[in-house]
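The structure under discussion appears below in the form of structure tokens.
2 protein chains.
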Amino acid sequence: MGLPVDTIIEGDCLEALKKLPDRSVDLVFADPPYNLQLGGDLLRPDNSKVDAVDDHWDQFESFEAYDAFTRAWLKECRRVLKDDGAIWVIGSYHNIFRVGVAVQDLGFWILNDIVWRKSNPMPNFKGTRFTNAHETLIWASKSRGGRRYTFNYDAMKMANDELQMRSDWTLPLCTGDERLKDGSGAKAHPTQKPEALLHRVILASTKPGDVILDPFFGTGTTGAVARRLGRKFVGIEREAEYAALARKRIAQVTPATADEMAVTGSKRAEPRVPFGTILEAGLLRPGDVLYCPKGRNAARVRADGSLVVGEVSGSIHKVGALVQSAPACNGWTYWHFKSDKGLAPIDVLRAKVRSQLPA
Amino acid sequence: MGLPVDTIIEGDCLEALKKLPDRSVDLVFADPPYNLQLGGDLLRPDNSKVDAVDDHWDQFESFEAYDAFTRAWLKECRRVLKDDGAIWVIGSYHNIFRVGVAVQDLGFWILNDIVWRKSNPMPNFKGTRFTNAHETLIWASKSRGGRRYTFNYDAMKMANDELQMRSDWTLPLCTGDERLKDGSGAKAHPTQKPEALLHRVILASTKPGDVILDPFFGTGTTGAVARRLGRKFVGIEREAEYAALARKRIAQVTPATADEMAVTGSKRAEPRVPFGTILEAGLLRPGDVLYCPKGRNAARVRADGSLVVGEVSGSIHKVGALVQSAPACNGWTYWHFKSDKGLAPIDVLRAKVRSQLPA
DNA sequence: CCCAGGCTTGAATCCCGAT
DNA sequence: CATCGGGATTCAAGCCTGG
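In structure tokens form, the structure reads like this:
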């Protein structure tokens with residue numbers, strides 16, 4: 001059987017993969033189940049319920065079962081890849097370590113791990129952990145030192161304001177009109193990926209006309225972006241509903257002219273510098289004293305970047321407002337530290353930290 | 001043998017770990033060998049040679065050998081951890097996936113993976129990949145649903161300008177004066193971590209006085225920051241040179257006072273004030289009426305601190321939940337009393353009582 | 001038509017001490 | 001160890017509604 005290009009194969013991922021010919025695709029992009037292992041319901045502070053990913057396809061009996069599944073589909077993907085091909089897999093801390101080990105053990109050669117920093121992640125509602133604000137992608141060639149993989153270095157550099165593209169990408173979640181809805185207006189797929197992410201992946205690691213295989217096609221983000229960028233795709237999807245939506249979606253895509261392929265700009269976030277960073281950088285130490293411009297009011301710095309005056313504590317802004325009985329206060333310009341040249345605003349420390357951050 | 005606190009144990013990591021007592025440390029921070037599999041020398045565009053990590057301690061024969069080593073030291077660390085303890089491990093894509101799987105397989109429970117975004121990474125000189133601009137840390141508790149790990153949520157939030165701290169941390173590499181040099185002015189250790197990174201780790205996940213074990217102590221960044229923040233450490237280091245440098249470095253650190261170590265505390269830790277106390281203090285009287293924020297629902301206060309609405313009575317929380325048909329409710333913020341300035345939440349009365357409690 | 005303010009939502013391993 | 005119940009907990013975007 002030849003390779004069924006620009007087609008969605010409906011059915012089990014493994015069985016479908018086994019029917020594809022050896023060395024026939026240029027790139028694999030895979031967004032497998034994450035095996036989340038969630039507990040009970042999670043309520044927001046306003047008591048609304050978080051719409052959890054509790055679909056049957058994300059349930060595995062054990063790590064062993066997940067590993068076996070992972071190795072099986074990865075092995076087939078490797079067989080189907082051309083010798084100069086490469087693979088991308090996306091995941092979270094729940095599964096990505098297991099995926100990474102399988103990738104290495106099967107003989108792939110990791111080129112980068114990429115961090116997708118979400119500009120608008122869901123917060124940690126209960127205050128129990130750090131906000132889980134990123135996902136991880138692994139990019140690997142078929143083998144170490146084999147035939148050369150594709151990397152469009154200059155296109156990536158161009159897309160990043162002429163600086164080398166880094167391993168951390170800041171992109172928003174898939175929301176708004178881009179997010180596919182079902183008949184009732186609810187999201188059609190629980191984990192639809194943003195097209196911007198696929199845009200960067202495909203632009204970085206394929207050439208026009210290349211064939212991209214996505215064994216967990218879902219609602220077809222890979223196919224839609226591939227088509228828009230003048231690449232071909234092969235999708236595998238078990239759920240008929242998702243496949244139908246994907247077909248409709250891809251049919252609406254107009255392939256871009258060479259012209260239009262230029263850049264989706266990378267939103268560069270303001271380098272906000274929290275006051276706590278000043279302490280981490282060692283520019284101030286816990287216990288140091290800050291003064292108001294005239295040196296009258298004094299406050300003590302704590303290790304977490306809060307200030308203390310008498311009984312009250314809070315951020316540099318809050319405490320600054322408080323000691324002045326003002327409605328608000330810019331702590332960066334109000335508070336001063338003692339330097340060898342007398343009192344200086346802590347804003348100069350922020351400037352020092354900023355000068356070490358990427359633009 | 002007891003736990004040798006604020007000490008560097010010179011010797012093999014595994015042998016030393018085996019001598020430490022069960023359930024004796026609060027936190028493990030580990031920066032193990034990354035098992036970098038470098039090819040030949042790497043040259044910069046100007047033909048200067050990149051100073052690679054090619055130390056013998058970073059060489060392993062195979063993935064299997066690295067896995068066996070990883071599991072061995074992780075297993076000992078888990079034994080040595082208290083039941084409410086936690087572990088941090090830092091690595092790059094070369095090893096972090098293998099570490100992560102070992103962590104999961106040994107029964108640790110991953111809490112977050114944290115991305116350290118380097119603000120000043122080494123560029124990719126060959127233009128063959130994305131600039132490798134981050135490393136990954138895994139934070140895991142000793143077991144799933146075991147005794148509660150330490151997370152100073154409020155301190156982290158304060159250190160991040162009152163926004164939840166996210167899983168991506170932007171920090172510069174260890175350079176300048178902080179970077180230890182050997183006699184000839186070359187860097188003393190190839191992978192010295194920045195103190196800012198340890199500052200955040202330790203502030204987030206330990207309490208003052210806690211003991212932090214670092215089985216790959218190197219030049220003692222963990223020890224130096226632990227000492228500065230009023231924590232204790234146990235370091236294990238095989239290379240006598242590194243250990244000597246670490247000792248000298250740590251001796252120069254001035255520990256923070258208890259005062260200086262204090263950070264923003266959590267509300268959960270504040271003393272409980274039963275609602276009845278508000279009545280006992282005369283701040284409200286039996287028969288007074290409380291209102292929901294918009295003034296629509298009203299409830300009558302009884303002498304024992306219960307509320308009555310129509311036929312039902314109960315705690316401020318229960319009745320609050322009931323009148324809203326909500327699964328839960330914080331009565332302190334939901335119910336309001338009539339003051340001369342309009343409706344005010346009864347939480348201000350609790351604050352009044354708390355401020356009069358003995359320290 | 002625009003703007004301000006409110007509502008909704010996103011791959012989430014999401015409370016904790018007292019009894 | 002399970003249960004009970006007090007009461008703590010959210011950020012950025014996009015969409016909608018009302019003025």
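Protein chains in written order, with the UniProt record's numbering: chain A, 1 to 359; chain B, 1 to 359.
All residues carry an ideal CB built from backbone N, CA and C; glycine is no exception.
Ordered list of alpha helix (DSSP H) runs contained in the stretch 155-213 of chain B, each at least 4 residues
195-205
Local conformation of Gly53(A) per DSSP, three classes
For this step, residue 53(A) is matched to residue 53 along the first sequence. Just to set this straight, residue 53(A) is Val in the shown sequence, not Gly. Val53(A) falls in the coil class under three-state DSSP.
is_contact[Met158(A), chain B] using C-beta, thresh 8 Å:
In the first sequence, the residue the question calls residue 158(A) occupies position 158. Output row for Met158(A): interface = no.
Applying the criterion that 16 or more other CB atoms from any shown protein chain within 10 Å of the CB defines a buried residue, is Glu311(A) buried or exposed?
Locating residue 311(A) in the first sequence gives position 311, where the first residue counts as 1. Flag for Glu311(A) reads exposed.
Comparing the C-beta of Val263(A) with each C-beta of chain B, is any distance below 8 Å?
Sequence index remark: in the first sequence, residue 263(A) carries index 263 (1-based). Residue placement at Val263(A) is poorly supported in this model, since its pLDDT is 39, which falls under 50; the coordinates still yield a value, given next. It does not; no Cβ of chain B falls within 8 Å.
Distance CB(Gly218(B))-CB(Tyr242(B)) smaller than 8 Å:
The sequence position of residue 218(B) within the second sequence is 218, counting from 1. The sequence position of residue 242(B) within the second sequence is 242, counting from 1. It is a contact, given that the beta carbons lie within the stated cut-off.
Following the continuous beta strand (DSSP E) through Ser141(A), name the residue where it begins and the one where it ends.
Stepping through the first sequence from its first residue, residue 141(A) is reached at position 141. Its beta strand (DSSP E) spans residues His134 to Ser141.
Out of Leu38(A), Asp304(A), Cys77(A) and Leu20(A), point me to the one whose CA is closest to Gly145(B)'s CA.
As a position in the second sequence, residue 145(B) is number 145, starting the count at 1. Closest by alpha carbon: Leu38(A).
Just the Cα atoms here: how many angstroms apart are Ser266(A) and Pro172(A)?
Within the first sequence, residue 266(A) is the residue found at index 266, counting from 1. Within the first sequence, residue 172(A) is the residue found at index 172, counting from 1. Residue placement at Ser266(A) is flagged as unreliable, the pLDDT there being 36, under the threshold of 50; a coordinate-derived value is accordingly withheld.
Using beta-carbon positions only, say whether Gly276(A) and Ala159(B) come within less than 8 Å of one another.
In the first sequence, residue 276(A) corresponds to position 276, counting from 1. In the second sequence, residue 159(B) corresponds to position 159, counting from 1. Going by C-beta atoms, Gly276(A) is nearer than 8 Å to Ala159(B).
I want to see whether chain A comes within less than 8 Å of Tyr242(B), judged by CB atoms only; does it?
As a working mapping, residue 242(B) is identified with position 242 in the second sequence. No, Tyr242(B) lies away from the interface with chain A (no Cβ there is under 8 Å from its Cβ).
Along chain A, in chain order, which residues have C-beta atoms closer than 8 Å to that of Glu162(B)?
In the second sequence, counting from the first residue as 1, residue 162(B) sits at position 162. Per Cβ cutoff of 8 Å: Ser315.
Express the C-alpha separation of Val201(B) and Asp105(A) in angstroms, rounding to a whole number.
Position 105 of the first sequence, counted from the start, is the residue given in the question as residue 105(A). Position 201 of the second sequence, counted from the start, is the residue given in the question as residue 201(B). The alpha-carbon atoms of Asp105(A) and Val201(B) are separated by roughly 31 Å.
Exposed or buried, what is Lys248(B) when buried is set at 16 or more other beta-carbons lying within 10 Å of its beta-carbon?
The sequence position of residue 248(B) within the second sequence is 248, counting from 1. It is exposed - the Cβ of Lys248(B) has fewer than 16 other Cβ atoms within 10 Å.
At a Cβ cut of 9 Å, what residues of the stretch 267-298 of chain A count as close to chain B, listed as they run along the chain?
Pro271, Arg272, Val273, Pro274, Phe275, Gly276, Thr277, Leu279, Glu280, Ala281, Gly282, Arg285, Pro286, Gly287 and Asp288
Just list the beta strand (DSSP E) runs in the stretch 51-92 of chain A, keeping only unbroken ones of 3 residues or longer that don't cross its boundaries, in chain order.
81-91
Buried or exposed for Asp12(B), please, with buried defined as at least 16 other CB atoms from any protein chain shown within 10 angstroms of its CB.
Working through the second sequence from its first residue, we reach residue 12(B) at position 12. So Asp12(B) counts as exposed.
My understanding is that Ala16(B) touches Ile250(B), with C-beta atoms under 8 Å, so please give their C-beta distance in whole angstroms.
Within the second sequence, residue 16(B) is the residue found at index 16, counting from 1. Within the second sequence, residue 250(B) is the residue found at index 250, counting from 1. Ala16(B) to Ile250(B), Cβ: 18 Å. No contact.
Same chain, Cβ closer than 6 Å to Ala359(A), five either side skipped, listed in chain order
Start at 1 with the first residue of the first sequence, and residue 359(A) comes out as number 359. Bear in mind that a pLDDT of 41 at Ala359(A), under 50, signals an unreliable position, so the number given afterwards is only what the model happens to contain. Nothing listed; no residue qualifies.
Using CA coordinates, which residue listed in Cys292(B), Gly282(B) and Ala321(B) is at the minimum distance from Arg302(B)?
Along the second sequence, one-based indexing puts residue 302(B) at 302. Nearest C-alpha to Arg302(B): Gly282(B).
Tell me whether Gly176(A) is buried or exposed, calling it buried when 16 or more other Cβ atoms sit within 10 Å of its Cβ.
Reading the first sequence from its first residue, position 176 is the one you call residue 176(A). By the 10 Å Cβ count, Gly176(A) comes out exposed.
Is the Cβ-Cβ distance between Gly100(A) and Ser143(A) less than 8 Å?
Counting from 1 along the first sequence, the entry for residue 100(A) is found at position 100. Counting from 1 along the first sequence, the entry for residue 143(A) is found at position 143. No, they are not a contact pair.
Please list the segments of the alpha helix (DSSP H) lying wholly inside the stretch 232-309 of chain B, counting only runs of 4 or more residues, in order along the chain.
240-251, 258-261 and 275-280
I want to verify the contact list: residues of chain A whose CB lies under 7 Å from the CB of His134(B), in sequence order.
As a first step, residue 134(B) is located in the second sequence; it is residue number 134 there, counting from the start. The answer, in chain order, is Val115, Ser167 and Asp168.
Cβ closer than 8 Å: which chain A residues qualify as neighbours of Gln192(B)?
The count along the second sequence starts at 1 and reaches residue 192(B) at position 192. Neighbours of Gln192(B) on chain A: none; closest Cβ ~14 Å, over 8 Å.
Do Asp67(B) and Arg98(B) have their C-beta atoms within less than 8 Å of each other?
Along the second sequence, one-based indexing puts residue 67(B) at 67. Along the second sequence, one-based indexing puts residue 98(B) at 98. Yes, they are a contact pair.
Could you have a look at Ala344(A) and say whether DSSP puts it in helix, strand or coil?
The residue you call residue 344(A) lines up with position 344 of the first sequence. Strand, per DSSP.
Spatial neighbours of Ala269(A) in its chain, beta-carbon cut-off 8 Å, leaving aside the 5 residues before and after
Translated into positions along the first sequence, residue 269(A) becomes position 269. Confidence in Ala269(A) is poor, its pLDDT being 43 and thus under 50, which makes the residue's placement too unreliable to answer from.
Indicate the three-state DSSP secondary structure (helix, strand or coil) for His336(A) in the structure shown.
Mapped onto the first sequence, residue 336(A) falls at position 336. Correct three-state label for His336(A): strand.
Partners in chain B for Asn152(A), counting only beta-carbon separations shorter than 7 Å:
Position 152 of the first sequence, counted from the first residue, corresponds to residue 152(A). Simply none; closest approach about 10 Å.
Under a three-way DSSP split, which group does Leu20(B) fall into?
The residue labelled residue 20(B) in the question sits at position 20 within the second sequence. Coil, per DSSP.
With distances taken between CB atoms, is the gap from Asp168(A) to Arg129(B) smaller than 8 Å?
Counting from 1 along the first sequence, the entry for residue 168(A) is found at position 168. Counting from 1 along the second sequence, the entry for residue 129(B) is found at position 129. Their beta carbons are not under 8 Å apart, which means Asp168(A) does not touch Arg129(B) by this criterion.
Hey, would you say the C-beta of Asp26(B) is under 7 Å away from at least one heavy atom of the ligand MN?
As presented, the structure is devoid of all ligands, the ligand MN included, so that no description of it is given.
Taking the alpha helix (DSSP H) that Leu111(A) belongs to, which residues open and close that run?
Residue mapping note: residue 111(A) aligns to position 111 of the first sequence, counting from 1. Counting along the chain, Leu111(A) falls outside any alpha helix (DSSP H), though it belongs to the beta strand (DSSP E) covering Trp109 to Lys118.
Throw me the rounded Cβ distance for the Thr254(A) and Arg166(B) pair, which I believe falls under 8 Å.
Walking along the first sequence from the start, residue 254(A) turns up at place 254. Walking along the second sequence from the start, residue 166(B) turns up at place 166. Actually they are not in contact, since the Cβ atoms of Thr254(A) and Arg166(B) sit about 37 Å apart, beyond 8 Å.
For Leu163(B), does the count of other Cβ atoms within 10 angstroms reach 16, so buried, or fall short, so exposed?
Looking up residue 163(B) in the second sequence gives position 163. Exposed, since its Cβ has fewer than 16 Cβ neighbours within 10 Å.
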